[in-house]
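Numbering (the working numbering), first residue to last: 624 to 721.
Glycine residues also receive a C-beta, built at the ideal position from the N, C-alpha and C atoms.
What follows is one structure encoded as structure tokens, with my remarks underneath.
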């Protein structure tokens, strides 16, 4: 099973916003951190279902945390953020995600 790193932001007046540095354009939110985690798993699976059809490219592979730490965009985006490792089972992903 693979894990995608998710970046979670929250301020006093918002819910927990989640995005994936390795899966551009995929984001979600949750009222609690647990809800944000559940939503993150769901949106990742949902994105994989139609990724190839929608983007004409393969579903992106996740980078390791060490690889992400070398990415200036990730460093900036993860300031004051919570990081989550969101599980993704490529074997269970729909055909379009392989």
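Judged by their CB atoms, residue 640 and residue 631 are nearer to each other than the 9 Å cut-off. Annotation for residue 670: 646, 649 place their beta carbon closer than 7 Å to its own, counting only its chain and skipping 5 residues before and after. DSSP lists 653 as the beta-bridge partner residues of residue 639. Around residue 662, the same chain offers 651, 653 as residues with beta carbons nearer than 6 Å, after the five sequence neighbours per side are excluded. DSSP places residue 697 in the uninterrupted alpha helix (DSSP H) bounded by 695-700. Contact between residue 628 and residue 667 is ruled out by a C-beta separation of about 11 Å, above the 8 Å threshold.
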